[in-house]
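Undergrad: One structure, pasted below without further comment.
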Amino acid sequence: MASYQLKVTIDKDSGFCFGVIYAIDMAEDILHEDGYLYCLGDIVHNDEEVERLKSLGLRIINHDQLKDLRNEKVLIRAHGEAPETYRTALQNNITLIDASCPVVLKLQNRIKTSYDNQEKILIFGKHGHAEVIGLQGQTNNEALVFQDIAELDNVELPKNITLYSQTTKSMEKFYQIKDELNARGYELNANDTICRQVSNRDKDLPAFVKNFDKVVFVSGVKSSNGKVLYEVCRKHNPNTYFISSTAELKQSMFAPGDKVGIAGATSTPMWLMEDVKAVLEAF
Numbered sequence: 001m002a003s004y005q006l007k008v009t010i011d012k013d014s015g016f017c018f019g020v021i022y023a024i025d026m027a028e029d030i031l032h033e034d035g036y037l038y039c040l041g042d043i044v045h046n047d048e049e050v051e052r053l054k055s056l057g058l059r060i061i062n063h064d065q066l067k068d069l070r071n072e073k074v075l076i077r078a079h080g081e082a083p084e085t086y087r088t089a090l091q092n093n094i095t096l097i098d099a100s101c102p103v104v105l106k107l108q109n110r111i112k113t114s115y116d117n118q119e120k121i122l123i124f125g126k127h128g129h130a131e132v133i134g135l136q137g138q139t140n141n142e143a144l145v146f147q148d149i150a151e152l153d154n155v156e157l158p159k160n161i162t163l164y165s166q167t168t169k170s171m172e173k174f175y176q177i178k179d180e181l182n183a184r185g186y187e188l189n190a191n192d193t194i195c196r197q198v199s200n201r202d203k204d205l206p207a208f209v210k211n212f213d214k215v216v217f218v219s220g221v222k223s224s225n226g227k228v229l230y231e232v233c234r235k236h237n238p239n240t241y242f243i244s245s246t247a248e249l250k251q252s253m254f255a256p257g258d259k260v261g262i263a264g265a266t267s268t269p270m271w272l273m274e275d276v277k278a279v280l281e282a283f
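In terms of our numbering, the sequence shown is residues 1 to 283.
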C-alpha cells in the first residue's frame, strides 16, 4: 500500500490543443494504413509522445533530408512551414500531409499580406522555433524576430512598425512589449495573434494550482508553450516542479498526505499525465 497517500488531481483543461490532436490523429491514420510516415521535424515538442509514434513507424526528418527524398508522403506538423518547403515537395514529387494548425495558417497569411504591403514586420517569438521559421518564410526572412524587448534596444527601426506574435507566447508579455514600443514613440500596428486556447490556459491555471500543496507540471523541454505555462503555475504556486517524464519524480519532492495537482502544456499527452498520476499514487 502506498505510504505517502498523496491525493492527486489532473487538470482537466491540460493536454493537447486541437492543432496537435489534428496532427497526431492524421499521423496515426496513415501509420495504420502504410506502416510508416515521414514527418518534417518532431511532430510535437514532447519526447515521450514522439517516441511512442516512432515505435508505430513515424520517421522524423529534417529539411536537408527532405531535399533528398523522392515520391514519398511527408507530414507537416501543426507548427506550419515556410513556402520553400512546399516548393521542394513539388520538385521531388512528395505528397505533403498538411497538418498545419489553422491558427498558424491564418497568422502566416496575415504576415504575408503585411509583407506584400511593404510593412516593417517584427515577430515576438523564439529564435529558431519551427513556427517562427515558417512565419519568417512569409517575408522572405526579412521580418525581425526577437524574444525580449532588450534585443531591440540598439536596433534602428522605422517609425511605423507592424508587430505580430508567435501563437504560443505569453499574452502578458506581448502587451508589455506593445506598451514599451508605444512608449518609445513608434507608430505601432500591434496584432495579438496568440492562440486563445493557449492564452485561456494562462487564466485557468492560477485557479487550479492554488488548490494544491504541490504541483507537477509535465512538459517537453523544447515546448515554448510549456515554458510559459510552467511560469504561470510557479507564479501562483511556488511549489511547482517541472518534469518531462515519470523518471524525474522523487518521493522527496512530497510530504505524506500532500494534495498534488498535475498540469501540462498543449503539447503534453494526457496518457503521460495519467502515468505521472499513477506513479505519485504509488508513493
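For each residue, glycine too, the CB sits at the ideal point set by N, CA and C.
The model shown is predicted, which means the values in this text are computed figures rather than measured ones.
Give the C-beta separation of Q136 and Y115 to the nearest angstrom, bearing in mind that I take them to be a contact with Cβ-Cβ under 8 Å.
TA: Against the sequence shown, residue 136 aligns to sequence position 136. Against the sequence shown, residue 115 aligns to sequence position 115. Incorrect: roughly 10 Å between the Cβ atoms, too far for contact.
Undergrad: Please go through the same chain and pick out, in chain order, the residues whose beta-carbon is closer than 6 Å to the beta-carbon of P83, but skip the five residues on each side of it.
TA: On the sequence shown, position 83 is the one that residue 83 refers to. Contacts found: G137.
Undergrad: Which one or two residues does DSSP pair with Y164 in a beta bridge?
TA: Within the sequence shown, numbered from 1, the residue matching residue 164 stands at position 164. Answer by DSSP bridge pairing, in chain order: I123.
Undergrad: Whole angstroms is fine: what's the gap from N182's alpha carbon to T167's?
TA: Residue mapping note: residue 182 aligns to position 182 of the sequence shown, counting from 1. Residue mapping note: residue 167 aligns to position 167 of the sequence shown, counting from 1. Rounded to the nearest angstrom, the two C-alpha atoms are 21 Å apart.
Undergrad: Taking just the CA atoms, how far does L40 sit from L69?
TA: Locating residue 69 in the sequence shown gives position 69, counting from the first residue. Locating residue 40 in the sequence shown gives position 40, counting from the first residue. Cα-Cα distance, rounded: 11 Å.
Undergrad: Nearest by alpha-carbon distance to R196: which of G19, K7, K222 is it?
TA: Here residue 196 is taken as the residue at index 196 of the sequence shown, counted from 1. Comparing Cα positions, the closest option is G19.
Undergrad: I'd like to know whether the C-beta atoms of S58 and V74 end up nearer to each other than 8 Å.
TA: The residue you call residue 58 lines up with position 58 of the sequence shown. The residue you call residue 74 lines up with position 74 of the sequence shown. Residue 58 is actually Leu in this sequence, not Ser. No. Outside cutoff.
Undergrad: Please report the straight-line C-alpha distance between E33 and N93, rounded to a whole angstrom.
TA: On the sequence shown, position 33 is the one that residue 33 refers to. On the sequence shown, position 93 is the one that residue 93 refers to. Cα to Cα, the separation comes out at about 20 Å.
Undergrad: Looking at C-alpha atoms only, which residue of P269, F283, F208, A278 is the closest neighbour of D25?
TA: Working through the sequence shown from its first residue, we reach residue 25 at position 25. Ranking P269, F283, F208, A278 by Cα distance to D25 puts P269 first.
Undergrad: Between which two residues does the alpha helix (DSSP H) holding G257 run?
TA: Against the sequence shown, residue 257 aligns to sequence position 257. Run containing G257: none; DSSP gives neither H nor E here.
Undergrad: Starting from K7, follow the alpha helix (DSSP H) in both directions and report where the run begins and ends.
TA: Residue numbering aside, residue 7 sits at position 7 when the sequence shown is read from its first letter. Where K7 is concerned, there is no enclosing alpha helix (DSSP H), although the beta strand (DSSP E) it sits in stretches over 7-10.
Undergrad: Which residue comes first and which comes last in the beta strand (DSSP E) that contains C39?
TA: On the sequence shown, residue 39 is found 39 positions in, with the first residue counted as 1. Here the beta strand (DSSP E) through C39 covers 37-40.
Undergrad: Whole angstroms are fine: how far does the CA of E142 sit from the CA of Q118?
TA: Within the sequence shown, residue 118 is the residue found at index 118, counting from 1. Within the sequence shown, residue 142 is the residue found at index 142, counting from 1. When rounded, the distance between both Cα atoms is 11 Å.
Undergrad: With contact counted as at least three CB pairs below 8 Å, one residue from each stretch, are the region 206-215 and the region 168-187 in contact?
TA: Counting Cβ pairs under 8 Å, fewer than three are found: no touch.
Undergrad: What are the complete beta strand (DSSP E) segments, minimum 3 residues, inside the region 17-95?
TA: With a minimum length of 3 residues, the continuous beta strand (DSSP E) runs that stay inside the region 17-95 are 37-40, 58-61, 73-76.
Undergrad: Is L163 near F124, with beta carbons less than 8 Å apart?
TA: To locate residue 163, count along the sequence shown from 1; it is residue 163. To locate residue 124, count along the sequence shown from 1; it is residue 124. In this structure, F124 lies closer than 8 Å to L163 by Cβ.
Undergrad: Measuring only the C-alpha atoms, how far is A78 from H45?
TA: Translated into positions along the sequence shown, residue 78 becomes position 78. Translated into positions along the sequence shown, residue 45 becomes position 45. C-alpha separation (whole angstroms): 11 Å.
Undergrad: Mind the definition here: the region 100-110 touches the region 4-22 only if three or more C-beta pairs lie below 8 Å; say whether that holds.
TA: With a cut-off of 8 Å, the region 4-22 and the region 100-110 count as touching, because enough Cβ pairs lie within range.
Undergrad: What distance in whole Å lies between the Cβ atoms of L53 and A23, which are believed to be in contact at a cut-off of 8 Å?
TA: Residue mapping note: residue 23 aligns to position 23 of the sequence shown, counting from 1. Residue mapping note: residue 53 aligns to position 53 of the sequence shown, counting from 1. With a Cβ gap of about 10 Å, A23 and L53 do not count as contacting.
Undergrad: Quick one: what's got a C-beta closer than 8 Å to D275's C-beta in the same chain, skipping five residues either side?
TA: On the sequence shown, residue 275 is found 275 positions in, with the first residue counted as 1. So the qualifying residues of the chain are T246.
Undergrad: Taking the C-alpha atoms as reference points, what is the distance between K259 and L56?
TA: For this step, residue 259 is matched to residue 259 along the sequence shown. For this step, residue 56 is matched to residue 56 along the sequence shown. Each residue's Cα considered, the two are about 36 Å apart.
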